[in-house]
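Student:
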Amino acid sequence: MLELKDLYFSVSGRNIIDGMNYTFEKGKFYSITGPNGSGKTTLAKLIMGINPVSSGSISFQGKEISSLSITERAREGIAYSFQQPARFKGITFRDLLSMAAGTDDEEMLLALLRRVGICSLSFLDNPVDAKLSGGEIKKIELATTIARNPKLAIYDEPDTGIDLWTIQPMVRLLKREQKEHGTTTVVVSHNRAFLEAADIVLMISEGKLVYKGDLKGALPILNDLSVCNYRKCLGDKDVGCYR
Amino acid sequence: MLDAIDKDLLKTVADLEGLPKGAFNIRKNGKLLKREVSANINIESNADGSGIIVTIKPGTINESVHIPVILSQAGLYDVVYNNFIIGEGADVTIIAGCGIHCGSLEPEGHAGIHEFRVGKGAKVKYVEKHYASGPGQGRRTLNPTTKVFLEAGSTAEMELTQIGGVDEANRTNEATLGPDSLLLITERVLTEGNQKAISANTIILAGAGSRANMISRSVIKGDSEQDFYATMEALAPCFGHIECDAIIMDNGRNETVPSLKARHPDAALTHEASIGKIASDQLMKLMSLGLTYDEAVNRIIQGFLK
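Read top to bottom, the protein sequences are chains A and B.
Numbering-wise (the working numbering), the first sequence opens with residue 14 and increments by one.
Numbering-wise (the working numbering), the second sequence opens with residue 65 and increments by one.
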């Protein structure tokens, strides 16, 4: 359903995404992992149209989308959950949810909240501003992504700022969305809970896809320092090491 | 009595469909158009006929008074001095607002000087909306002044809005807070074209336990210019905060100067100020929800000025 072909994204002559080829299958759950700075978020942003493709192609359901705007990709059925969600002055969770769902019908919004489960009803009229905690805003971000009823949902580090007790419900929610709505799900994460939930784990290092398969096969690579991009890495003893 | 233009202006500045219920005073082109008083709210002209005195009886709860001004007379600059005396323990809403309709090359303007004396333990919500429209090329000026005196334990919530069409505005807000009183001011100003607006604010926290929060939201489009000055001076143990945000679009210009003066060691004063374009992460978020770029801009501005 989503095909990346010879995909490059370069900044100042450096390839952040370095010739990536991969086809995502409809209805599958993918986790993308890899060291910090390896290109995971960049790849997610290329798919959503937040970053422009340098060369190569992205096709979604057989349609070339690499020149489409964020809006057009959203309308094609791609939804994106930002790692660091935007905060607004004067826009409430209700406003965002209404925009995402395309309705301000109270019953439908409440049904959405019940479907998402992890957002309290009392959130609804809260402004999505700097007063929200990191965890609260991530839950709102997730809810607005699900409210789009996307064919492809991309979640960039959805667990950032989320308390330990919410991570498993969040994983179950995304799995349920995958199962009940056939949502092709792509989660960028370092969290083992999401890696375990995935049908397929994709590992990226230095802008290249270095592994695709199950978690069992990924673990030896995750334990191998060779995928670390921290140049003079001393392993676990080094404060800069991603592990 | 009210023509189509009057009705449109009243709807825009005071959310009124025709005449309001309860106490009201409608001023048109510098003269009284219609007035009603109620059992608890009296409105009378002041001695020199330059404005009105609105007196609200102590203990008046959940009542409102509308005092809109409409202007459609070419060349008129209307100045009005209004006094509001809010009795002890009252809890009322005052809806003001001025709408100008300019149909000629001649300028039109209004200056409303509003003075509030809020009695002990009383609460007042003051809503003021300014708007100008019409096909004329005459300059439209609105220069509102509010002066607020808060007695012990009283509260004033001021919502001051300039929503468009005003070529020039000199806005002045002054307040003096007594012990344990609370002042909340939210000012929202939109300018476009070659419009210019200046807002000057002075808040004196004179009483122990007083609190003030001043929020300013400015949207500056086209070649317009807005300047915002706010001084909060603390004379007692108190809390004060100024929050001023300006969104600049096109070639808009803005100067924002929050100023804090602590004259007492237990004063707590803070401010936050920002000037800039609409944040790209906000635009991207709304576009990822299916809005176009223009729809996203409008939605963000709408929320910001809500």
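Cβ coordinates follow ideal geometry from the N, Cα and C atoms, glycine included.
Owing to the predicted nature of the structure, the values given are computational and were not obtained by experimental measurement.
If you check the beta carbons only, do residue 213 (chain B) and residue 235 (chain B) fall under 7 Å apart?
Tutor: As a first step, residue 213 (chain B) is located in the second sequence; it is residue number 149 there, counting from the start. As a first step, residue 235 (chain B) is located in the second sequence; it is residue number 171 there, counting from the start. For residue 213 (chain B) and residue 235 (chain B), no; Cβs fall outside 7 Å.
Student: Write down every uninterrupted run of the beta strand (DSSP E) in the stretch 173 to 217 of chain B whose length is 3 residues or greater and which is fully enclosed by it, in chain order.
Tutor: Correct list: 187 to 197, 204 to 206, 209 to 214.
Student: For residue 351 (chain B), I'd like the list of residues in its chain whose CB is within less than 8 Å of its CB, leaving aside the five on either flank, ordered along the chain.
Tutor: Locating residue 351 (chain B) in the second sequence gives position 287, counting from the first residue. The residues are 357, 360.
Student: So, does the CB of residue 349 (chain B) fall closer than 7 Å to a CB anywhere in chain A?
Tutor: Mapped onto the second sequence, residue 349 (chain B) falls at position 285. Yes - at least one Cβ of chain A is within 7 Å of the one on residue 349 (chain B).
Student: Any C-beta of chain A sitting closer than 7 Å to the C-beta of residue 358 (chain B)?
Tutor: Position 294 of the second sequence, counting from 1, holds the residue named residue 358 (chain B). It does not; no Cβ of chain A falls within 7 Å.
Student: Around the Cβ of residue 196 (chain A), are there at least 16 other Cβ atoms within 10 angstroms (buried) or fewer (exposed)?
Tutor: What you label residue 196 (chain A) is simply residue 183 of the first sequence in a count that begins at 1. Buried is the call here.
Student: Check each candidate in A:129, A:201, A:175, A:92 and name the one with the smallest Cα separation from residue 211 (chain A).
Tutor: Sequence index remark: in the first sequence, residue 211 (chain A) carries index 198 (1-based). Ranking A:129, A:201, A:175, A:92 by Cα distance to residue 211 (chain A) puts A:201 first.
Student: Tell me, please, whether the CB atom of residue 341 (chain B) is closer than 7 Å to any CB atom in chain A?
Tutor: Taking the second sequence and counting its residues from 1, the one referred to as residue 341 (chain B) is at position 277. Residue 341 (chain B) does not count as touching chain A.
Student: For residue 357 (chain B), list the residues DSSP reports as bridge partners.
Tutor: Locating residue 357 (chain B) in the second sequence gives position 293, counting from the first residue. For residue 357 (chain B), which the question treats as bridged, DSSP gives no partner whatsoever.
Student: If you measure beta-carbon to beta-carbon, which residues of the stretch 258 to 283 of chain B are closer than 9 Å to chain A?
Tutor: The residues in question are 281.
Student: Shorter than 7 Å from the beta carbon of residue 155 (chain B) to some beta carbon of chain A?
Tutor: Locating residue 155 (chain B) in the second sequence gives position 91, where the first residue counts as 1. False, the Cβ-Cβ gap to chain A never drops below 7 Å.
Student: Return yes when the Cβ of residue 137 (chain B) is within less than 7 Å of the Cβ of residue 169 (chain B), no when it is not.
Tutor: Within the second sequence, the letter at position 105 stands for residue 169 (chain B). Within the second sequence, the letter at position 73 stands for residue 137 (chain B). No, they are not a contact pair.
Student: Can you tell me where the beta strand (DSSP E) with residue 148 (chain B) in it begins and where it stops?
Tutor: For the purposes of this step, residue 148 (chain B) is identified with residue 84 of the second sequence, where counting begins at 1. Looking at the DSSP string, the run of the beta strand (DSSP E) that includes residue 148 (chain B) is 141 to 150.
Student: In whole angstroms, give me the CA-to-CA distance for residue 101 (chain A) and residue 163 (chain A).
Tutor: Taking the first sequence and counting its residues from 1, the one referred to as residue 101 (chain A) is at position 88. Taking the first sequence and counting its residues from 1, the one referred to as residue 163 (chain A) is at position 150. Between residue 101 (chain A) and residue 163 (chain A), the C-alpha separation is close to 23 Å.
Student: Look up residue 221 (chain A) in the DSSP assignment and say whether it is helix, strand or coil.
Tutor: Translated into positions along the first sequence, residue 221 (chain A) becomes position 208. Of the three classes helix, strand and coil, the one that applies to residue 221 (chain A) here is strand, per DSSP.
Student: Please list the partners that residue 87 (chain A) has in chain B, where partner means a Cβ-to-Cβ separation under 9 Å.
Tutor: On the first sequence, residue 87 (chain A) is found 74 positions in, with the first residue counted as 1. By Cβ distance, chain B contributes 351, 352, 353, 354, 355.
Student: Roughly how many whole angstroms lie between the Cα atoms of residue 90 (chain A) and residue 84 (chain A)?
Tutor: Locating residue 90 (chain A) in the first sequence gives position 77, counting from the first residue. Locating residue 84 (chain A) in the first sequence gives position 71, counting from the first residue. Taking the straight line joining both Cα atoms gives about 10 Å.
Student: Taking only beta-carbon positions, decide if residue 188 (chain A) is within less than 7 Å of chain B.
Tutor: Within the first sequence, residue 188 (chain A) is the residue found at index 175, counting from 1. So no, residue 188 (chain A) is outside the interface.
Student: First and last residue of the alpha helix (DSSP H) that includes residue 194 (chain A)?
Tutor: Reading the first sequence from its first residue, position 181 is the one you call residue 194 (chain A). Counting along the chain, the alpha helix (DSSP H) containing residue 194 (chain A) begins and ends at 177 to 194.
Student: Three-state secondary structure (DSSP) at residue 157 (chain A)?
Tutor: Translated into positions along the first sequence, residue 157 (chain A) becomes position 144. Residue 157 (chain A) falls in the helix class under three-state DSSP.
Student: With a threshold of 6 Å on Cβ separation, who are the neighbours of residue 161 (chain A) within its own chain once the five nearest residues in sequence on each side are excluded?
Tutor: Locating residue 161 (chain A) in the first sequence gives position 148, where the first residue counts as 1. So the qualifying residues of the chain are 92, 113.
Student: Note down the Cα distance separating residue 209 (chain A) from residue 46 (chain A), rounded to an integer number of angstroms.
Tutor: Counted from its first residue, the first sequence places residue 209 (chain A) at position 196. Counted from its first residue, the first sequence places residue 46 (chain A) at position 33. When rounded, the distance between both Cα atoms is 12 Å.
Student: Measuring only the C-alpha atoms, how far is residue 4 (chain A) from residue 80 (chain A)?
Tutor: Only positions 14 to 256 of chain A appear in the structure, and residue 4 (chain A) is not among them; the question remains open.
Student: Rounded to a whole number of angstroms, what is the C-alpha to C-alpha distance between residue 93 (chain B) and residue 164 (chain B)?
Tutor: Reading the second sequence from its first residue, position 29 is the one you call residue 93 (chain B). Reading the second sequence from its first residue, position 100 is the one you call residue 164 (chain B). C-alpha separation (whole angstroms): 10 Å.
Student: Leaving out five residues on either side along the sequence, give the residues of the same chain with a beta carbon under 6 Å from the beta carbon of residue 158 (chain A).
Tutor: The residue given as residue 158 (chain A) occupies position 145 in the first sequence. Excluding positions up to five away in sequence, the list reads 92, 94, 166.
Student: Nearest by alpha-carbon distance to residue 228 (chain A): which of A:71, A:214, A:55, A:234 is it?
Tutor: Numbered from its first residue, the first sequence carries residue 228 (chain A) at position 215. Nearest C-alpha to residue 228 (chain A): A:214.
Student: Closer than 8 Å, Cβ to any Cβ of chain B: which residues of the stretch 106 to 125 of chain A, in chain order?
Tutor: Answer set for the stretch 106 to 125 of chain A: 108, 109, 112, 113, 115.
Student: How would you label residue 36 (chain A), buried or exposed, when you count the other beta carbons within 10 angstroms and need 16 or more for buried?
Tutor: Walking along the first sequence from the start, residue 36 (chain A) turns up at place 23. By the neighbour-count rule (16 or more Cβ atoms within 10 Å), residue 36 (chain A) is not buried but exposed.
Student: If you draw a straight line from the alpha carbon of residue 243 (chain A) to that of residue 86 (chain A), how long is it in whole angstroms?
Tutor: Residue 243 (chain A) sits at position 230 when you count from the first residue of the first sequence. Residue 86 (chain A) sits at position 73 when you count from the first residue of the first sequence. Unreliable positioning characterises residue 243 (chain A) in this predicted model, as indicated by a pLDDT of 45, which lies under 50. The coordinate reading is nonetheless provided below. Near 34 Å, if we compare the C-alpha coordinates of residue 86 (chain A) and residue 243 (chain A).
Student: Against chain B, with Cβ distances strictly below 7 Å, would residue 46 (chain A) count as a contact?
Tutor: What you label residue 46 (chain A) is simply residue 33 of the first sequence in a count that begins at 1. It does not; no Cβ of chain B falls within 7 Å.
Student: Does the Cβ of residue 127 (chain A) have 16 or more other Cβ atoms within 10 Å, making it buried, or fewer, making it exposed?
Tutor: For the purposes of this step, residue 127 (chain A) is taken as residue 114 along the first sequence, with counting starting at 1. Burial call: exposed.
Student: With a threshold of 6 Å on Cβ separation, who are the neighbours of residue 258 (chain B) within its own chain once the five nearest residues in sequence on each side are excluded?
Tutor: For this step, residue 258 (chain B) is matched to residue 194 along the second sequence. Cβ neighbours of residue 258 (chain B) beyond the five flanking positions: 287.
Student: Output the distance between the C-alpha atoms of residue 221 (chain A) and residue 76 (chain A), rounded to the nearest integer angstrom.
Tutor: Here residue 221 (chain A) corresponds to residue number 208 of the first sequence, with the count starting at 1. Here residue 76 (chain A) corresponds to residue number 63 of the first sequence, with the count starting at 1. Taking the straight line from one Cα to the other gives about 24 Å.
Student: Is DSSP giving residue 319 (chain B) helix, strand or coil here?
Tutor: As a position in the second sequence, residue 319 (chain B) is number 255, starting the count at 1. In this structure, residue 319 (chain B) counts as strand in the three-state DSSP scheme.
Student: Where do the N-terminal and C-terminal ends of the alpha helix (DSSP H) with residue 207 (chain A) fall, by residue?
Tutor: Here residue 207 (chain A) refers to the residue found at position 194 when the first sequence is read from its first residue. Looking at the DSSP string, the run of the alpha helix (DSSP H) that includes residue 207 (chain A) is 205 to 210.
Student: CB-CB under 8 Å to residue 151 (chain B), same chain, minus the five flanking residues each way: which ones, in chain order?
Tutor: Against the second sequence, residue 151 (chain B) aligns to sequence position 87. For residue 151 (chain B), where only same-chain residues beyond five positions count, the Cβ hits under 8 Å are 119, 120, 121, 122, 123, 124, 183, 186.
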